[in-house]
Structure formats: C-alpha cells, structure tokens
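Under the UniProt record's numbering, residues 1 to 216 are what the sequence shown spells out, in order. Using N, Cα and C, we set each Cβ at its ideal position, and we do this for glycine too. Being a predicted model, the structure only gives us computed values, none of them experimental. Some notes on the structure that comes next.
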Amino acid sequence: MKKGFVFDLDGVITDTAKFHYIAWKDLAANLGITIDETFNETLKGISRMDSLDKILAYGHRENDFTTAEKEALAKKKNDEYVKLLADLSEADLLPGVHDFLVQAKKRNIPCSIASASKNAPMILEKLGVLEFFGHIVDPETLKKGKPDPEIFVKAAESIGVAPNDAVGFEDAQAGIEGIKAAGMYAVGISATEVLAGADLQVASMTELDIEQLINQ
Ligand code: B16
Ligand code: MG
C-alpha cells in the first residue's frame, strides 16, 4: 500500500523544457555556440549550473569563464526564462495532472515535489496547484543532483512517508534511476522515450489509475 506521491516538475506537471530551450539557445548563440533540440534533451532534469557547464563543454568553451562570469551567465539565462513564464497558467498543466492531484487530495495522500528547478514554487503557483503539495524540496540543500536518490528521499520524508511507501513520477531517465535508488515505485511519463527501470510507464497521467497505484 503506497502512502505518498513524489513528483518531478518539468515534463511531469508542466512542459517548461521548451522555455528552458529558448533561453539556453539565445545565451549559447551569444557565446558563439549553437544548440539544437536533440542537445536540449540532455539538459532535462539537470541543474542550471550543470546545464551551463554542458553547453560550454559542447562549444569547447569550458575553460573560458571564471566562476563569477558563469554565475552571471546563469543569471542572464534565468532572467530570460522567467520572462518567458509570464503567461503560464492552469492551461499549461500537462493532461491528467489536475485530476490526479484532486484524487490524491480526496484520499488524503500527501504529495511533494522533487525538482531540480529553483523556480518550482513560482511555477506551481502560476499553474494554480501549489496548494496540493505539502513540500517542495529546495534544490540548494542537495549535495548531489539526479540520478542520486537524495532529492527523492528528502521529498518522501518531507511528507512523512518512508521512500519504500512512496510512488515517484518522472519523465527523465536520470530521475527514474534516482527514484529506484531511493527504493520507491517509479512511474515513467513519456510518449517518446523508453524509460529503463520504470515499474510502470505511461504516455500521460490520464492513463493512471490511482487505486491501482496505491495498491502496489
Ligand atoms: P532552474 P525538473 C529541471 O526541472 C529542468 O528539466 C532542467 O532543464 C533545468 O535546468 C532544471 O530544472 C533547473 O531549473 O533553472 O529553473 O533552477 O525536471 O527537475 O523538474
Ligand atoms: Mg523532468
């Protein structure tokens, strides 16, 4: 019997990858680096600074910037990203998410967020679903990012649920690995990629049966 749900944000609750892509593409172009959508796939679930490092390495510019300069670049990207989120609303929730959260609330199943994004609280507020989450893990408090299980263990424990009793929802391979390493039941959400190691994979949350999940 499962007692709590842990959600990734980007790719599970909403699709912010397209906005990350626009902002990173513009920043990279200013540095003479061209990235495409295939490269953008490798940035999903990766922290802001690790994403910047990957882009600089891709453009062979990894040794060209000081830490302070890299922080300024990451801030510039985030400022553009936040501007692109200005019109985000409930309409940007991915299919089935709102209904699933309502069902969880009805059954008193606590929910938390395990996202690498420092913008998660603001995004959830804009989407109108902040109230459904008992806790949002602050990525600044983590020693390691996904695929390390730390964020998922913290997210489950923050809502008073042992990882073994929790279900985790992820769209990225690194996230599925982190959920499994935490000892949780992993639900992969992707219509395009096979998520290796997921206990269950669906194309969207509309396909999920909450009763069946709880009884895993
Ligand atoms: P921020 P998730 C991740 O979200 C994104 O997939 C990734 O592209 C982004 O770099 C990361 O959040 C950090 O986001 O710049 O807003 O702090 O999938 O872990 O919810
Ligand atoms: Mg994700």
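Give me, in chain order, the residues of the same chain whose beta-carbon lies closer than 7 Å to that of residue 148; leave out the 5 immediate sequence neighbours on both sides. What you label residue 148 is simply residue 148 of the sequence shown in a count that begins at 1. So the list reads 178, once near-sequence residues are dropped.
Any idea if residue 20 is buried or exposed, counting beta-carbon neighbours within 10 angstroms, 16 or more meaning buried? Within the sequence shown, residue 20 is the residue found at index 20, counting from 1. With 16 or more Cβ atoms within 10 Å of its Cβ, residue 20 is classed as buried.
Give me the residue from 125, 155, 133 with the minimum Cα distance to residue 139. Mapped onto the sequence shown, residue 139 falls at position 139. Nearest option by C-alpha distance: 155.
Please list, in chain order, all residues of the same chain as residue 16 whose beta carbon is under 6 Å from its beta carbon, the five residues on each side excluded. The count along the sequence shown starts at 1 and reaches residue 16 at position 16. Excluding sequence neighbours, residue 16 sits near 10.
Assuming residue 89 and residue 158 form a contact by the criterion Cβ under 8 Å, report the distance between their Cβ atoms to the nearest whole angstrom. Here residue 89 is taken as the residue at index 89 of the sequence shown, counted from 1. Here residue 158 is taken as the residue at index 158 of the sequence shown, counted from 1. Not a contact, Cβ separation roughly 27 Å.
May I ask whether a heavy atom of the ligand B16 can be found less than 7 Å away from the beta carbon of residue 48? Along the sequence shown, one-based indexing puts residue 48 at 48. Yes, Cβ of residue 48 sits closer than 7 Å to a heavy atom of the ligand B16.
So, using beta-carbon positions, are residue 182 and residue 163 closer together than 8 Å? Here residue 182 refers to the residue found at position 182 when the sequence shown is read from its first residue. Here residue 163 refers to the residue found at position 163 when the sequence shown is read from its first residue. Contact: yes.
Taking only three categories from DSSP, how would you classify residue 93? As a working note, residue 93 is residue 93 in the sequence shown. Residue 93 falls in the strand class under three-state DSSP.
For residue 170, which of helix, strand or coil comes out of DSSP? Translated into the one-based positions of the sequence shown, residue 170 becomes position 170. Note: residue 170 maps to strand in three-state DSSP.
Can you check which of these residues, 170, 210, 28, 53, is closest to residue 6 by C-alpha distance? Sequence index remark: in the sequence shown, residue 6 carries index 6 (1-based). Nearest option by C-alpha distance: 170.
Sorted by chain position, which residues of the same chain lie with C-beta nearer than 7 Å to residue 150's C-beta, five sequence neighbours on each side aside? For the purposes of this step, residue 150 is taken as the residue at position 150 of the sequence shown. Same-chain partners within the cutoff: 142, 143, 144.
Would you mind working out which of 109, 152, 85, 110 sits nearest residue 126, comparing C-alpha positions? Along the sequence shown, one-based indexing puts residue 126 at 126. Measuring from the Cα of residue 126, the nearest candidate turns out to be 85.
Can you give me the Cβ contacts of residue 22 inside the same chain, cut-off strictly under 7 Å, excluding the 5 residues immediately before and after it? Locating residue 22 in the sequence shown gives position 22, counting from the first residue. Once the five neighbours on either side are set aside, the close Cβ partners of residue 22 are 84.
What residues come near the ligand MG, if near means a beta carbon less than 5 Å from any of its heavy atoms? 8, 10, 11, 45, 171, 172
Would you be able to state if there are at least three C-beta pairs under 8 Å between the segment 95 to 105 and the segment 68 to 84? no
CB-CB length for residue 205 against residue 129, believed under 8 Å: The residue labelled residue 205 in the question sits at position 205 within the sequence shown. The residue labelled residue 129 in the question sits at position 129 within the sequence shown. Their Cβ separation, rounded to whole angstroms, is 12 Å, which puts residue 205 and residue 129 out of contact at 8 Å.
Along the chain, where does the beta strand (DSSP E) that runs through residue 187 open and close? What you label residue 187 is simply residue 187 of the sequence shown in a count that begins at 1. Run containing residue 187: 185 to 189, per the beta strand (DSSP E) assignment.
Looking at residue 70: is its Cβ nearer than 8 Å to the Cβ of residue 43? For the purposes of this step, residue 70 is identified with residue 70 of the sequence shown, where counting begins at 1. For the purposes of this step, residue 43 is identified with residue 43 of the sequence shown, where counting begins at 1. Not a contact, by the Cβ cut-off of 8 Å.
Opposing strand residues paired with residue 296 [DSSP bridges]: Outside the shown range of the chain (1 to 216) lies residue 296, about which nothing can therefore be said.
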